[in-house]
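S.K.: In our numbering, the protein residues as written are 12 to 229.
Before I ask anything, here is the structure I am working with.
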């Protein structure tokens, strides 16, 4: 942009210098015309040709200025558009990069959160299963201890009951045997002493009946 402005100023200075030289030449020509009035037709032709030349130079200068201005404007417009496109590209690339970084960070954080949640869930489930296993094993152990204690107490009670029953049966049998012997002795004594040492058939029959009765009791 600065280079195009310098070129424009340089071309303007050259054009103004050229016009100034032409104007000085015209003044010198007019001075010579007033000093030497002869040959008016020739001087008139020279004046007209000079005016035409000046017009041509002025028009060419205007056209050149327009060309320089248009080229500078087009160049500036191109520079502005290229700068705008470059800035837009830089902005879009930065936005896309920032969006990618944000998405990657979000995905990373989501992955970390999900992995932490899954880890905590696994720890909770393992702890729950462990506690459930400990509770079930403790319950089964207590149930086994209770059942074994109950069976042991039942066995002790039944064995004690059977022992007491056996002892009671043995005691009853011993009492019955003693009672049988005492009764037998009394009956024998009664039969032997009732007839003054005379053994009769009736006494033996009574003894036999008593023995049969006690044998049926056994």
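In this text, a Cβ means the ideal position worked out from N, Cα and C, and glycines have one as well.
Give the straight-line distance between the Cα atoms of residue 128 and residue 121, rounded to the nearest whole angstrom.
M.R.: So the two alpha carbons sit approximately 10 angstroms from each other.
S.K.: Distance check for residue 159 and residue 166, CA to CA, integer angstroms please.
M.R.: Roughly 10 angstroms separates the two Cα atoms.
S.K.: Compute the Euclidean distance between the alpha carbons of residue 157 and residue 117, then round it to the nearest angstrom.
M.R.: Cα to Cα, the separation comes out at about 58 angstroms.
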